[in-house]
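Residue numbers (the UniProt record's numbering), protein chains in the order written: chain A, 1 to 392; chain B, 1 to 392.
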């Protein structure tokens, strides 16, 4: 395998090792085809190739951002000449205006947009039920995450794929979760602050800050972008009750997609409203409880019964939506999906808040104290950090 | 018009003045109809009515959040009895289990989900071109916004509807924009910090921090949730050039929807990738340049040529996407849509970053300095603040 001699020929900080060599090219009407040494064939449109020229005129070298704009050349732009060099670079000469582009084979192959290549790049969550996560829950030591980038990367990949991880032996001083969160990036502030304290208090502006049972939910479905990762760190837990319950919302949604397709359709099509209000704020968001992408794959779950506002869809959708919502909630109550965990002092659970529903049993403070601290970091930060760690 | 004697009968902090009285009710198979004194008719399903019971057993009074769960009653729940009281409350008795619900007529009418009522509640942006905004740009004095809640509300409504406002006579000390932003709420932190400085610097990690021309764009299309409101405050501007250009992206999108429907379809259906990378971060987001809601109404624009990654849709979508993208960019370059404004010291423009595209001309520092400060606040905070100010 060859490596890059000169990364500046690529407008990126990501290395693109050369795993395959281009053997031949063919010039078509609106595109250029490359035949690779493993028989894979790529088709790159001329507009795409011109658009992705990496030369120092098209890309500003300091930030590696594109200064060229594809609107400034004719729609029917065509090479006057194209060839492969001895170093396996693709070179294209353009006229109108005259310009030369050169492409690195590692970068080019990686950006091939054949159906097969696009499909191979797709990420899939590894969904879980109680049985799987009880044996496979990834557990880490706080010190390892703080000191070792390899452990950090392992933790972050697990968080991305399983959506749930446990960190043991975190210091039990207040705000100790911050240095763990900062291993990813900055903490996302919300209308509940940056680090929030979960304990019963007299002036509660959320059911979270009472001793009440909380049903399975995602945090802040009342915001357009629900927080991505939730950190819940236990400082003290001597109270009776208050066990945490976790359910993989993607597993429930996919179960519905298979066994109750009509109800899945309703829940992923008809929106619900979520309200979060107190004397100083009034947050509202209207969105579907299950969010799917253009391939109908589940990418998000949004649910909190205690934050749900009145259903406000047209009359003919009201009963189908209630049926579907009840089905979802009934499934979350099925013990085969519920993972119980009692947080002890020093434990930190980190989970994907847009996927994993969490709940807690009611607790009783007569026998002791219960104090958790929480914070959020978004999915953008998680994925950026994984990419940077993977560059090495 | 009656007002509320006892707001606790409503699980909300919003007042619901009684504008119409219920005259009669009818019990149907799965719903109850109300005939109002203006002949409007509402249909409320029994499940919906039971779900929205405001009693102190169903709603925890401290936070006004729902503790009752609709999954805990039969799907075919029906009243045993229902009537209107002399105070115009709707009372319903249920059995299995036995329970009584009472509804406030102001709250009930406001939550009627007839097509007409749902339609009347829809918000629409007031789109603009150069001609309209040149005469109608809303301009405020910083002191008025800081001191007067009525001016504050006026400014925020304008920001929501026009997506662009100007504030004059803001102090030119560093960080002066913070107290204006805090009149709405907290500032949203991003990978570029909280308050960012826009000036040419040697170690730029974004084209924004050079003296280069920036084409029309939204900020941070590389993040899943683009920042909602952008604040740009001018501390010094003695350089030559560097004028700001603003274009209403919703206007362009709606123009395409009318005159180029196929290209509108491509741009609102086929995603593009946006990359933002430096030595320490690697943000990527894939989404459509035009985002529409379930009624095909434009709700967001996402565009920055210099942050665009290689197009990565299947081959048959590549050329249609390039055609549509070029059309959009060409339209943004049409002078009839472009509003020019030269920021002077003390000026602060605030705009909806998910709607209004901004650009700046290249500038030359030989004749002087140029220093702007910026920050972001999300749409959630804007809308929450408007709702709280409107409660009074």
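The C-beta atom is built at its ideal place from N, Cα and C for all residues, glycine as well.
The structure presented is a predicted model; accordingly, all values stated were derived computationally and were not measured.
Cutoff 7 Å: residue 224 of chain B Cβ touching any chain E Cβ: Chain labels in this structure do not include chain E; the protein chains are A and B.
Local conformation of residue 168 of chain A per DSSP, three classes: strand
C-beta contact flag for residue 193 of chain A and residue 370 of chain A at 7 Å: no
Cβ-based neighbour list, residue 292 of chain B, same chain, cut-off 7 Å, excluding 5 preceding and 5 following: 268, 298 and 299
Reference residue 362 of chain A; option with closest CA among A:385, A:62 and A:210: A:210
Own chain residues within Cβ distance below 8 Å of residue 365 of chain A, not counting five before or after: 200, 211 and 239
Rounded Cβ spacing between residue 312 of chain A and residue 273 of chain A (contact assumed at less than 8 Å): 6 Å
Closer than 7 Å to chain B by CB, residue 328 of chain A: no
Buried or exposed (CB count within 10 angstroms, at least 16 for buried), residue 391 of chain A: exposed
Three-way DSSP call (helix, strand, coil) for residue 329 of chain A in this model: helix
Beta strand (DSSP E) segments (min. 3 residues) lying fully within the stretch 61-93 of chain A: 79-84
Cβ-based contacts, 8 Å cut-off: residues of the stretch 44-78 of chain B near chain A: 45, 47, 48, 51, 52, 60, 62, 63, 64, 65, 66, 67, 69, 70, 71 and 75
Proximity test, Cβ basis, 7 Å: residue 105 of chain B and chain A: no
Neighbouring residues, chain B, relative to residue 215 of chain A (Cβ below 8 Å): 69
Outcome for residue 116 of chain A when other beta-carbon atoms lying within 10 angstroms are tallied against a minimum of 16: exposed
Reduced DSSP secondary structure (H/G/I, E/B, other) of residue 163 of chain B: coil
For residue 100 of chain A, the three-state DSSP class (helix, strand or coil): strand
C-beta contact flag for residue 218 of chain B and residue 285 of chain B at 7 Å: no
Alpha carbon of residue 387 of chain A to alpha carbon of residue 153 of chain A, nearest angstrom: 9 Å
Same chain only: Cβ atoms within 8 Å of residue 36 of chain A, ignoring 5 sequence neighbours per side: 20, 21, 22, 23, 42 and 109
CB contact below 7 Å: residue 358 of chain B versus chain A: no
For residue 72 of chain B and residue 396 of chain B, the rounded distance between their alpha carbons: Since the first residue shown for chain B is 1 and the last is 392, residue 396 of chain B is missing from the structure and cannot be characterised.
8 Å Cβ cut-off: residues of chain A touching residue 32 of chain B: Simply none; closest approach about 12 Å.
7 Å Cβ cutoff, residue 206 of chain A in contact with chain B: yes
CA nearest to the CA of residue 279 of chain B, picked from A:349, A:26 and A:62: A:62
CB contact check: residue 115 of chain B to chain A, cutoff 7 Å: yes
Distance between beta carbons of residue 126 of chain B and residue 346 of chain B, contact taken as under 8 Å: Rounded, the Cβ-Cβ distance is 27 Å, inconsistent with contact.
Contact between the stretch 315-332 of chain B and the stretch 118-133 of chain A (3+ Cβ pairs under 8 Å): no
Per-residue contacts from residue 311 of chain A into chain B (C-beta, under 8 Å): 48, 51 and 113
Identity of the residues DSSP links to residue 237 of chain B by a beta bridge: B:370
Classification of residue 328 of chain B by the beta-carbon crowding that lies within 10 angstroms, buried from 16 upward: buried
Meets three-Cβ-pair contact criterion under 8 Å: the stretch 181-192 of chain B and the stretch 367-383 of chain B: yes
From A:90, A:244 and A:99, residue whose alpha carbon lies closest to that of residue 340 of chain A: A:244
Alpha helix (DSSP H) runs wholly inside the stretch 252-324 of chain A, at least 4 long, in chain order: 261-269
Secondary structure of residue 117 of chain B, DSSP reduced to three states: helix
Length-filtered (3 minimum) beta strand (DSSP E) runs lying within the stretch 16-64 of chain B: 22-27, 31-36 and 41-45
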